[in-house]
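Read the structure below first, then the notes.
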DNA sequence: GTGCGCATGTAAGAGGTTACATGATTAA
DNA sequence: TTAATCATGTAACCTCTTACATGCGCAC
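Residue numbers (the working numbering), protein chains in the order written: chain U, 7 to 175; chain H, 7 to 175.
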């Protein structure tokens with residue numbers, strides 16, 4: 007998904023340090039992406055080299071200076087161009103689904119265990135998403151949470167149908 | 007998701023060549039993974055080295071011999087071990103969702119365009135999934151298709167809600 | 001004679017994760 | 001004093017994608 011545009015998009019809102027970006031992503035986009043420092047810092051350096059972002063060193067009392075990045079004109083137009091393009095469709099790429107498909111090699115009880123396990127996890131995720139919905143940073147985060155919520159609910163229903171079907175067999 | 011177990015799982019059903027695996031994946035697991043030759047062949051070599059699969063060269067008339075891989079005892083037990091473990095939860099990692107989140111930087115019309123675009127794509131996917139459901143190779147594929155169908159429907163509903171909300175604003 | 005299906009592979013590179021390395025401040 | 005938060009980075013590694021390279025047989 008290229009973290010390039012994630013960074014550009016967040017910097018379009020306000021200038022930030024790499025550290026700020028990481029925190030913001032974790033707080034508001036945890037369901038969408040992870041963005042480790044090993045991705046973020048090199049990406050910022052590259053964007054800077056290419057002139058899509060600028061850096062300003064801000065001195066601090068007692069601490070080494072921090073690097074605040076801000077998006078440039080050129081970065082802005084690149085971002086706009088990307089936003090206007092339709093998103094590439096991505097697979098459902100779920101390890102869980104692969105296990106379900108490969109379930110022919112499993113005992114019925116093992117399959118039921120797999121499903122029950124997944125049901126619990128999905129329930130927990132659902133709960134945390136509902137909590138996240140309580141205090142949001144911005145309306146866009148609400149949309150993302152709603153999306154995740156819809157997908158999660160759909161998965162729950164499917165799991166329950168599967169359990170009934172497998173249990174009956 | 008490691009294609010290692012995908013290969014092991016398919017070979018557990020019946021011996022296959024790398025080419026067969028590719029075709030089978032495309033036909034039955036297209037929504038879950040892609041598996042290019044660049045992944046498949048090296049993975050098969052590695053599995054062979056480690057003794058999880060065996061190879062048999064089958065001569066053909068007029069053509070060079072093909073390599074038919076079959077799973078070994080050791081491969082079987084590795085597969086079973088993996089199947090028994092709960093699947094790791096994966097993110098929703100959708101480029102589309104990121105665009106939605108970054109929509110603050112967009113004009114209202116651009117956002118509506120993004121949504122409409124996505125709606126069409128999802129509709130098309132839904133249609134092809136329904137067709138896929140008509141002629142299935144095995145019941146497991148049916149489960150996977152059902153899953154994809156559920157998730158797609160959830161996405162459709164969400165898109166429509168979003169469109170109504172954004173349109174009204 | 002052109003293109004598709006069968007069949008196997010490699011190489012370069014993109015993109016990402018994990019763990020390591022460093023070091024100051026502040027609150028419990 | 002111990003842990004968390006602030007803050008920046010690198011190096012090794014893994015996985016996967018794309019594109020290339022090869023070559024036969026068969027049907028249209």
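Each residue gets a CB set at the ideal place from its N, CA and C atoms; glycine is no exception.
For residue 41(H), none of the residues of chain U pass the 8 Å Cβ criterion, the least Cβ distance being about 11 Å. Taken in chain order, the complete beta strand (DSSP E) segments of 3 or more residues contained in the region 20-72 of chain U are 59-64. Contact of residue 15(U) with chain H by beta-carbon distance below 9 Å involves 104, 105, 107, 108, 110 and 111.
In the three-state DSSP reduction, residue 100(H) falls in the coil class, being neither helix nor strand. The region 28-43 of chain H makes no contact with the region 161-169 of chain U, as fewer than three CB pairs between them are under 8 Å.
Listed along the chain, the chain U residues whose CB falls inside 8 Å of the CB of residue 92(H) are 120, 123, 124 and 127. Here residue 110(H) is near residue 19(U), since their CB atoms are less than 9 Å apart. Spanning the alpha carbons of residue 116(H) and residue 86(U) requires a straight line of approximately 10 Å. Proximity of residue 99(U) to chain H, defined by a Cβ-Cβ separation below 9 Å, is satisfied. Closer than 9 Å to the CB of residue 160(H) there is at least one CB belonging to chain U. One finds 106, 107, 108, 109 and 110 in chain U with Cβ atoms closer than 8 Å to the Cβ of residue 146(H), taken in chain order.
Close partners of residue 153(U) in chain H (Cβ separation under 7 Å): 103 and 164. Residue 78(U): not part of any alpha helix (DSSP H); DSSP gives it neither H nor E. Between the region 117-129 of chain U and the region 89-109 of chain U, the count of Cβ pairs shorter than 8 Å is three or higher; the stretches touch. With its beta carbon less than 9 Å from one in chain U, residue 11(H) belongs to the interface.
Annotation for residue 144(H): no alpha helix (DSSP H) segment contains it, and DSSP assigns it neither H nor E. Between the C-alpha atoms of residue 29(U) and residue 94(U) there is a straight-line separation of about 26 Å. Under the Cβ criterion of 9 Å, residue 167(U) is counted among the residues facing chain H.
From the listed residues 67(U), 99(U) and 44(U), the smallest Cα separation to residue 157(H) is found for 99(U). Classified as exposed, residue 57(U) has fewer than 16 neighbouring CB atoms from the shown chains inside 10 Å of its CB. Distance from residue 63(H) to residue 71(H) at the Cβ level is roughly 5 Å; contact confirmed, criterion being Cβ atoms closer than 8 Å. Contact annotation: in the region 31-58 of chain U, residues whose CB is within less than 7 Å of a CB in chain H are 35, 37, 38, 39 and 40. Shortest Cα-Cα distance from residue 150(H) to any of 11(U), 102(U), 67(U) and 149(U) involves 102(U). Identification of chain H residues near residue 78(U) by a Cβ-Cβ cut-off of 9 Å yields none; the smallest Cβ-Cβ distance measures about 14 Å.
For residue 174(U), not one C-beta of chain H is nearer than 9 Å to its own C-beta. Between residue 27(U) and residue 46(U), the C-beta gap is smaller than 9 Å, which places the two residues in contact. Residue contact check for residue 150(H) against chain U: a CB pair falls below 9 Å. Contact note: residue 96(H) reaches chain U through 99, 100, 101 and 102, using a C-beta cutoff of 9 Å and chain order. In this structure residue 9(U) is buried. Its beta-carbon is surrounded by 16 or more other beta-carbon atoms within 10 angstroms. The Cβ of residue 64(U) sits no closer than 9 Å to any Cβ of chain H.
Under the 10 Å beta carbon count, residue 147(H) is surrounded by 16 or more other beta carbons and is classified as buried. Of 66(H), 119(H), 67(H) and 91(H), the smallest CA-CA separation from residue 119(U) is found for 91(H). The beta carbon of residue 170(H) does not come within 9 Å of any beta carbon belonging to chain U, so the residue lies off that interface. Under the 10 Å beta carbon count, residue 173(U) is surrounded by fewer than 16 other beta carbons and is classified as exposed.
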